[in-house]
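Undergrad: Just so you know, we're using my numbering here: the sequence shown kicks off at 1 and counts up by one. Quick one: the structure is below, and I'll ask about it shortly.
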Amino acid sequence: MSLLQYGFELKRVRSDSLQNDQASDNEDNSSKDAKKSYKSNNKIFKLKWLNEFSWLRYDEINKRMYCTLCMRHKKKNKFATEGTTNISRKSAIREHINTEDHNDAEKLESSRIQMESLQKEFTSSNANMNHIVDIMRAVYFLAKKNLPLRLLSSVIELLKESGSLDLFSGTITYTNNISGHEFLEAISNTIKEEIWN
């Protein structure tokens, strides 16, 4: 059986057109290969990872990912020193999360944040204490000079305006005469204890 039976004709193909067809086929294959290699070389960093991992930093120029926690706490891993070039794989980030260096850096960061919070509380507590001590001095002055405690708010205002006091500017003031009476009672109890003991 031959295809000639079914109406096909036998034509002579010129050798130069055959070579052109083969060359164009080779070009198509090479461009496909080039596209494949371009895609494999074209590593894409997903910006949503920056929201998912708050410590992750991406250097778009050098195409590298860094761990800011490991950098801050001077860890010696690829994410901290030179950055990783494996920017297209989330698994690289997950592998980094499981490293001992990163876990240590997270613990150190947590401790640093706690310490800052405690320092702020301590500073606030000291400011409150200084505020109360300054008001007690004003109450003591009024009592010593036999002046009425209704003048406490005026004396405090005078001290503030003169710059003698750096009173805490919070919600608690203790500058009314009721607070003045309570402070005076605390002062007198302290003096009594000192005298009788």
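By construction, the Cβ of each residue, glycine as well, lies at the ideal position given by its N, Cα and C atoms.
1) Should SER133 go down as buried or exposed, given a rule of 16 or more other Cβ atoms within 10 Å for buried?
2) Using CA atoms only, rank isn't needed, just tell me which of ASN146, LYS43, HIS96 and SER91 is closest to TYR66.
3) Do you know whose CA, among PHE45, GLU109 and ASN130, lies nearest ASN62's CA?
4) Within 10 Å of its beta-carbon, does SER188 have 16 or more other beta-carbons around it, so buried, or fewer, so exposed?
5) What's the gap between the Cα of SER162 and the Cα of LEU152?
6) Leaving out five residues before and five after ALA105 in sequence, what residues of the same chain have Cβ atoms less than 6 Å from its Cβ?
7) Is there contact here, the segment 177 to 184 with the segment 144 to 151, by at least three beta-carbon pairs under 8 Å?
8) What's the C-alpha gap between THR175 and ALA143?
9) Alpha carbon to alpha carbon, what distance is there between LYS145 and ILE135?
10) Can you give me the Cβ contacts of ASP25 inside the same chain, cut-off strictly under 6 Å, excluding the 5 residues immediately before and after it?
11) Using DSSP with H/G/I as helix, E/B as strand and the rest coil, what is ASN177?
12) For the segment 48 to 125, which segments carrying the alpha helix (DSSP H) assignment without a break, of at least 4 residues, lie completely within its bounds, in sequence order?
13) Per DSSP, what kind of secondary structure is ILE44 in: helix, strand or coil?
14) What residue range does the alpha helix (DSSP H) around LYS160 cover?
15) Tell me whether the beta-carbon of ALA127 lies closer than 8 Å to the beta-carbon of LEU159.
16) Am I right that GLY83 and ASP101 are in contact with their C-beta atoms under 8 Å? What's the rounded C-beta distance?
17) Residues in its own chain within less than 6 Å of SER88 by CB, not counting five upstream and five downstream?
TA: Taking the structure as given:
1) The count along the sequence shown starts at 1 and reaches residue 133 at position 133. A quick correction: the sequence has Val, not Ser, at residue 133. Classification of VAL133: exposed, given that the 10 Å Cβ count is below 16.
2) As a working mapping, residue 66 is identified with position 66 in the sequence shown. Nearest of ASN146, LYS43, HIS96 and SER91 to TYR66, Cα basis: HIS96.
3) For the purposes of this step, residue 62 is identified with residue 62 of the sequence shown, where counting begins at 1. Comparing Cα-Cα distances from ASN62 to each of PHE45, GLU109 and ASN130, the minimum goes to PHE45.
4) The residue given as residue 188 occupies position 188 in the sequence shown. It counts as exposed.
5) Translated into the one-based positions of the sequence shown, residue 162 becomes position 162. Translated into the one-based positions of the sequence shown, residue 152 becomes position 152. So the two alpha carbons sit approximately 15 Å from each other.
6) Here residue 105 refers to the residue found at position 105 when the sequence shown is read from its first residue. So the qualifying residues of the chain are LEU69, CYS70, HIS73 and LYS75.
7) yes
8) Residue numbering aside, residue 175 sits at position 175 when the sequence shown is read from its first letter. Residue numbering aside, residue 143 sits at position 143 when the sequence shown is read from its first letter. The straight-line gap from Cα to Cα measures roughly 15 Å.
9) As a working note, residue 135 is residue 135 in the sequence shown. As a working note, residue 145 is residue 145 in the sequence shown. In a straight line, the C-alpha of ILE135 is about 15 Å away from that of LYS145.
10) The residue labelled residue 25 in the question sits at position 25 within the sequence shown. Since pLDDT at ASP25 reaches only 49, below the 50 mark, its modelled position is unreliable, and the value read off the structure follows with that caveat. The answer is none, since no qualifying residue turns up.
11) Along the sequence shown, one-based indexing puts residue 177 at 177. Reduced to three states, the DSSP call for ASN177 is helix.
12) Complete alpha helix (DSSP H) runs here, min 4: 48 to 52, 68 to 72 and 90 to 97.
13) Here residue 44 corresponds to residue number 44 of the sequence shown, with the count starting at 1. In this structure, DSSP gives ILE44 a state outside helix and strand, which the three-state scheme calls coil.
14) Residue 160 sits at position 160 when you count from the first residue of the sequence shown. Boundaries of the alpha helix (DSSP H) harbouring LYS160: 152 to 162, taken from the DSSP string.
15) What you label residue 127 is simply residue 127 of the sequence shown in a count that begins at 1. What you label residue 159 is simply residue 159 of the sequence shown in a count that begins at 1. Not a contact, by the Cβ cut-off of 8 Å.
16) For this step, residue 83 is matched to residue 83 along the sequence shown. For this step, residue 101 is matched to residue 101 along the sequence shown. With a Cβ gap of about 14 Å, GLY83 and ASP101 do not count as contacting.
17) As a position in the sequence shown, residue 88 is number 88, starting the count at 1. If we look at SER88 and ignore the five residues flanking it on each side, its Cβ neighbours are LYS43 and ILE44.
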